[in-house]
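Single-structure report; data block below.
Number of protein chains: 2
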Amino acid sequence: MRFPSIEALVDAVATRDPRGLGRAISLIENNSAKLPELMSKIAPSTGRSHVIGITGAPGVGKSTLTTALIDEFVAQGRTVGVLAIDPSSPFSGGALLGDRVRMQDHAVSPHIYIRSMASRGHLGGLASATTQALRIFDHAGFDLTIVETVGVGQAEIEIVSIADTIVVIQAPNFAGTLHMAKAGIVEIADIFVVNKKDHPGAQMLARDLNQLISQSEVSNEQRWCPVVVETVAVTNTGVDRLVTMIDKHRQCVSDQPSWARRRLDRASSEIRDIAVGQLTSQIMGRFKDSFIALTEAVAAGKLDPYQAANDLFEEMRRDV
Amino acid sequence: MRFPSIEALVDAVATRDPRGLGRAISLIENNSAKLPELMSKIAPSTGRSHVIGITGAPGVGKSTLTTALIDEFVAQGRTVGVLAIDPSSPFSGGALLGDRVRMQDHAVSPHIYIRSMASRGHLGGLASATTQALRIFDHAGFDLTIVETVGVGQAEIEIVSIADTIVVIQAPNFAGTLHMAKAGIVEIADIFVVNKKDHPGAQMLARDLNQLISQSEVSNEQRWCPVVVETVAVTNTGVDRLVTMIDKHRQCVSDQPSWARRRLDRASSEIRDIAVGQLTSQIMGRFKDSFIALTEAVAAGKLDPYQAANDLFEEMRRDV
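As they're listed, the protein sequences go chains A and B.
In terms of this note's numbering, the first sequence has 183 at position 183, counting the first letter as 1, and numbering is strictly consecutive.
In terms of this note's numbering, the second sequence has 605 at position 285, counting the first letter as 1, and numbering is strictly consecutive.
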């Protein structure tokens with residue numbers, strides 16, 4: 001281990017040492033036994049970084065836009081941490097980083113740290129691992145932290161929901177638009193980006209989104225109404241306006257109940273996910289033999305799964 | 321309540337009474353306190369129905385193909401239960417059933433039962449609710465049970481993975497193809513369908529899929545190598561061959577270790593999900609006040625989430 005102690009690691013993270021950041025996030029990825037100690041040492045520093053969640057279907061230009069966004073933030077003298085959630089094979093375990101290559105251009109700057117995290121294999125759930133990684137970025141003192149996910153499924157929406165400001169990227173003529181509307185993305189997005197605004201259909205998409213926004217319910221307490229920003233990421237067009245809207249969102253709502261509620265929701269999920277992760281660890285660890293026997297009985301139709309879960313809880317209780 | 325007792329409900333399910341089936345699945349959706357009793361009464365009958373998982377990106381023709389598939393099964397004198405997982409808004413809670421309308425044509429036949437279930441709001445998780453619903457369909461004695469999901473995210477893949485036979489539908493010129501490959505769908509699919517085979521690009525897609533299959537690792541114990549079936553769902557073209565391949569998959573692998581392992585995995589997830597659901601119920605119920613206080617402390621940076629989870633476990637332990 002490069003770091004003689006958790007204290008040394010915590011110090012390295014605080015100075016944005018890339019090796020320290022990488023090591024800390026690896027501990028999260030591997031659900032290390034050192035994690036509770038690490039988290040207890042960095043807890044007091046939470047909540048300074050502005051967390052931006054970015055999602056969109058594959059092919060809409062998400063990586064290109066994120067890269068342009070980072071450039072813009074850095075040009076303004078701000079520091080940016082990026083956590084890219086990579087879909088990975090549930091079997092091979094390998095993350096495909098092909099479309100991350102361009103983003104690695106940034107890896108040399110001291111103002112930027114980019115790290116990808118596989119979306120699979122987190123015992124306590126991906127949301128839990130993501131929230132813990134955000135604590136690391138926050139402790140490192142990045143002005144902005146970007147969480148980027150690929151895809152439009154339930155899990156991806158859950159991840160970006162962790163953010164303070166949620167950016168949803170779309171592009172004309174992509175099949176994902178209706179699906180996104182269905183999946184409830186309209187209700188959670190703070191900013192819609194219509195990328196590739198020079199392509200046919202972009203105006204119609206922007207109009208449709210504005211209509212969706214005008215039809216959706218906005219509660220009285222909300223001071224922010226979702227906006228649509230049009231960009232061409234490859235030529236940097238509209239990226240300055242996107243930055244403006246991201247900052248404006250924070251200014252407008254950071255003293256609002258909705259902002260505090262999102263952070264409360266995040267803390268609530270964190271505690272619950274850790275509790276669930278610990279339960280799962282016990283089931284797959286100390287009580288594994290009983291669990292396997294119960295599983296075989298349920299698969300054979302000899303036992304119902306509720307009784308099996310009860311038996312498991314009983315055994316855990318007796319063990320205390 | 322229509323049914324005077326759980327016994328009466330179990331009997332109604334066994335005769336495929338649509339009201340009984342609907343009521344039983346509602347109990348699952350609402351995470352009813354009666355669920356453990358219901359599940360214990362139907363447990364001995366598990367494992368007869370052939371469960372087929374169907375997924376694909378929005379727009380590939382999934383509903384049309386599922387409808388054609390049902391027609392074909394019924395023409396052969398077989399009974400079919402369909403569980404359609406509907407993406408629903410996390411906020412409004414409403415499921416959009418627009419593309420389900422055609423499937424409702426089948427609702428009048430005694431050989432078919434179709435039910436949609438919202439993908440959101442399941443305390444023990446969607447996978448857990450789906451597995452429980454499969455027990456209901458199994459107890460009802462359907463020859464085949466189809467589980468259909470929309471989308472290509474992690475959660476959707478997790479759901480279809482529950483099935484005995486996994487069918488992944490694609491169509492030419494959809495952006496989801498690369499994403500699916502990334503998300504590990506290649507490893508889990510037993511049958512790929514290239515729908516809209518009369519459209520440009522279909523031949524290339526089928527060739528690409530066959531190439532992906534030939535490159536993927538096939539373990540020695542496997543007797544089945546994924547196949548590609550080309551269809552035009554709107555004209556019923558190729559649907560008979562799809563039925564043949566689904567039956568062939570069962571014949572080829574039902575005595576194989578991989579088949580038994582999938583059913584063991586299903587039982588293992590069931591027990592774990594129920595245990596997690598019970599933990600979550602307690603956190604959100606009996607220990608809610610403590611949980612809220614801990615959440616506020618974590619959000620304020622006064623407590624780290626691991627310590628909070630520990631405090632919660634301690635309190636639960638003292639309460640026993």
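Positions of the beta carbon are idealized from the N, C-alpha and C atoms, including for glycine.
Measure from the alpha carbon of residue i to the alpha carbon of each residue in the options, then state which is nearest.
i: residue 85 (chain A); options: A:74, A:49 and A:127; result: A:127
i: residue 431 (chain B); options: B:457, B:561 and B:599; result: B:457
i: residue 294 (chain A); options: B:554, B:351, B:595 and B:379; result: B:595
i: residue 616 (chain B); options: A:155, A:264 and A:301; result: A:264
i: residue 223 (chain A); options: A:28, A:250, A:211 and A:11; result: A:250
i: residue 62 (chain A); options: A:289, A:291 and A:196; result: A:196
i: residue 461 (chain B); options: B:593, B:485, B:368 and B:618; result: B:368
i: residue 566 (chain B); options: B:332, B:487 and B:637; result: B:487
i: residue 395 (chain B); options: B:470, B:560 and B:622; result: B:560
i: residue 400 (chain B); options: B:350, B:467, B:346 and B:384; result: B:467
i: residue 269 (chain A); options: A:125, A:216, A:77 and A:209; result: A:125
i: residue 378 (chain B); options: B:490, B:553 and B:478; result: B:490
i: residue 29 (chain A); options: A:256, A:284 and A:129; result: A:129
i: residue 351 (chain B); options: B:597, B:624 and B:535; result: B:597
i: residue 605 (chain B); options: A:272, A:281, A:139 and A:37; result: A:272
i: residue 38 (chain A); options: B:638, B:639 and B:627; result: B:627
i: residue 655 (chain B); options: A:65, A:64, A:299 and A:119; result: As shown, chain B starts at 321 and ends at 640. That puts residue 655 (chain B) outside it, with no answer to give.
i: residue 65 (chain A); options: A:77, A:236 and A:319; result: A:236
i: residue 621 (chain B); options: A:41, A:26 and A:18; result: A:41
i: residue 21 (chain A); options: A:60, A:214 and A:83; result: A:83
i: residue 158 (chain A); options: A:290, A:262 and A:2; result: A:262
Can you pull the chain A neighbours of residue i, defined as C-beta to C-beta under 8 Å?
i: residue 598 (chain B); result: 309 and 313
i: residue 352 (chain B); result: Result: empty, since nearest Cβ-Cβ is about 12 Å, beyond 8 Å.
i: residue 584 (chain B); result: 295, 296 and 299
i: residue 595 (chain B); result: 279, 283, 309, 312 and 313
i: residue 404 (chain B); result: Near residue 404 (chain B) there are no residues of chain A at all, since even the closest Cβ is about 13 Å away, more than 8 Å.
i: residue 438 (chain B); result: The contacting residues do not exist; residue 438 (chain B) stays about 11 Å from chain A at best.
Would residue i pass as a contact of residue j if the rule is Cβ separation under 8 Å?
i: residue 163 (chain A); j: residue 253 (chain A); result: no
i: residue 9 (chain A); j: residue 23 (chain A); result: yes
i: residue 508 (chain B); j: residue 481 (chain B); result: yes
i: residue 73 (chain A); j: residue 144 (chain A); result: yes
i: residue 55 (chain A); j: residue 149 (chain A); result: yes
i: residue 522 (chain B); j: residue 546 (chain B); result: no
i: residue 562 (chain B); j: residue 549 (chain B); result: yes
i: residue 287 (chain A); j: residue 315 (chain A); result: yes
i: residue 304 (chain A); j: residue 334 (chain B); result: no
i: residue 599 (chain B); j: residue 279 (chain A); result: yes
i: residue 575 (chain B); j: residue 552 (chain B); result: no
i: residue 193 (chain A); j: residue 205 (chain A); result: no
i: residue 345 (chain B); j: residue 435 (chain B); result: yes
Please list the partners that residue i has in chain B, where partner means a Cβ-to-Cβ separation under 7 Å.
i: residue 272 (chain A); result: 600 and 603
i: residue 140 (chain A); result: The premise fails here: residue 140 (chain A) is roughly 15 Å from chain B at the closest Cβ pair, so nothing lies under 7 Å.
i: residue 68 (chain A); result: Neighbours of residue 68 (chain A) on chain B: none; closest Cβ ~21 Å, over 7 Å.
i: residue 202 (chain A); result: Residues of chain B passing the Cβ test: none, with the nearest at roughly 16 Å.
i: residue 24 (chain A); result: Those do not exist, as residue 24 (chain A) stays about 14 Å from chain B at its closest Cβ, beyond 7 Å.
So who's on the other strand from residue i, going by DSSP bridges?
i: residue 511 (chain B); result: B:487 and B:547
i: residue 553 (chain B); result: BP columns for residue 553 (chain B) are empty, so no partner.
i: residue 406 (chain B); result: B:438
i: residue 342 (chain B); result: The partner list for residue 342 (chain B) (beta bridge, DSSP) is empty, contrary to what the question assumes.
i: residue 370 (chain B); result: B:464
i: residue 376 (chain B); result: B:489
i: residue 433 (chain B); result: B:401
i: residue 332 (chain A); result: Look at the range of chain A in this structure, 1 to 320, and you will see that residue 332 (chain A) is not part of it.
Against residue i, what residues of chain A qualify as contacts under a CB-to-CB distance less than 7 Å, listed in chain order?
i: residue 359 (chain B); result: 304, 305 and 306
i: residue 367 (chain B); result: 301
i: residue 618 (chain B); result: 267, 270 and 271
i: residue 356 (chain B); result: 306
i: residue 553 (chain B); result: Near residue 553 (chain B) there are no residues of chain A at all, since even the closest Cβ is about 16 Å away, more than 7 Å.
i: residue 453 (chain B); result: By Cβ distance, chain A contributes nothing, its closest Cβ being about 13 Å from residue 453 (chain B), past 7 Å.
Is residue i close to chain C, meaning its C-beta is less than 8 Å from at least one C-beta of that chain?
i: residue 268 (chain A); result: In the structure shown, chain C cannot be found, because the protein chains are A and B.
Can you find a heavy atom of the ligand SAH that lies under 7 Å from the Cβ of residue i?
i: residue 198 (chain A); result: In the structure shown, the ligand SAH is absent, as is every other ligand, since no ligand is present at all.
Anything in chain B within Cβ reach of residue i, meaning under 8 Å, just list it in chain order.
i: residue 163 (chain A); result: In chain order: nothing, as chain B lies at least about 15 Å away.
Closer than 9 Å by beta-carbon distance: list the chain A residues that pair up with residue i, in chain order.
i: residue 447 (chain B); result: Near residue 447 (chain B) there are no residues of chain A at all, since even the closest Cβ is about 11 Å away, more than 9 Å.
Below 9 Å on C-beta distance, what does residue i contact in chain B?
i: residue 14 (chain A); result: Near residue 14 (chain A) there are no residues of chain B at all, since even the closest Cβ is about 15 Å away, more than 9 Å.
Whole alpha helix (DSSP H) elements within the segment 582-623 of chain B, 4-residue minimum:
608-619
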